[in-house]
Amino acid sequence: MKIKLNCPVCDYQEIEGDTCPNCDTDLSVIRMLKELPQVQNPLRQLKITKWQLGVALLLLIIGIGLGVIGSFIFLQPQLQPISSPNQVNHAPVTAKEPPKPITYTVKSGDHISAIAQQFCGEGTSWQVMVKANPRLKGREDYIDVGEVLKIPNCKERN
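By my numbering, the letter at position 108 of the sequence shown is numbered 108, and the numbering carries on one by one without gaps.
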């Protein structure tokens, strides 16, 4: 016995074939889905007893406990061994003081490029000096005699 369908397009009633006689809509997929056997909810058929639930919870608690214990064992930082009296104690490491800045007093005839090359080596740009002395910005071509300039820590300088 074939199921009688209603057309979802034109609402023609009680169609026994695979196409709607009114609008020629293909109903074969809808027919196949309607004719599939009905399946009952499998979770309703599953019966869990109290002891099965208890065993499952016990296994869950054991698993969590093993995970916690394992993380304490394997993820703890390693402790430093206590030094024995026979070991030599080294002097404590002290922080190095930063190098004292070098200064230069401008003389007659000096210009920034020459000072940069003198202290930082050949090919050093005057911009190194301006960076170390921000007050020179905007007056790179004019420096005063007697002005004290900071000399930057250049890698080329020994």
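Built from N, CA and C at the ideal position, the CB exists for glycine as well.
Just so it is clear, the structure is predicted and the values come from calculations on it, not from any experiment.
query, result
"For I62, name the three-state secondary structure that DSSP assigns.", "helix"
"What did DSSP end up calling R157 once you bin it into helix, strand or coil?", "In this prediction, R157 scores a pLDDT of 48, lower than 50, which makes its location untrustworthy; the coordinate-derived value is nonetheless stated afterwards. Of the three classes helix, strand and coil, the one that applies to R157 here is coil, per DSSP."
"Cα separation between K150 and G70?", "59 Å"
"Can you tell me the Cβ-Cβ gap for I143 and W126, rounded? I've got them flagged as a contact below 8 Å.", "The Cβ separation is near 11 Å, so there is no contact."
"Tell me whether K150 sits in a helix, a strand or coil according to DSSP, three-state version.", "strand"
"Rounded to a whole number of angstroms, what is the C-alpha to C-alpha distance between P37 and A56?", "34 Å"
"For T19, list the residues DSSP reports as bridge partners.", "D26"
"On the three-state DSSP scale, how would you describe L5?", "strand"
"Just the C-alpha distance for R139 and E97, rounded to the nearest angstrom, thanks.", "33 Å"
"Bridge partners for I102 per DSSP, in chain order?", "I151"
"For V145 versus D110, is the C-beta spacing smaller than 9 Å?", "yes"
"Can the beta-carbon of P152 be found closer than 9 Å to that of V128?", "yes"
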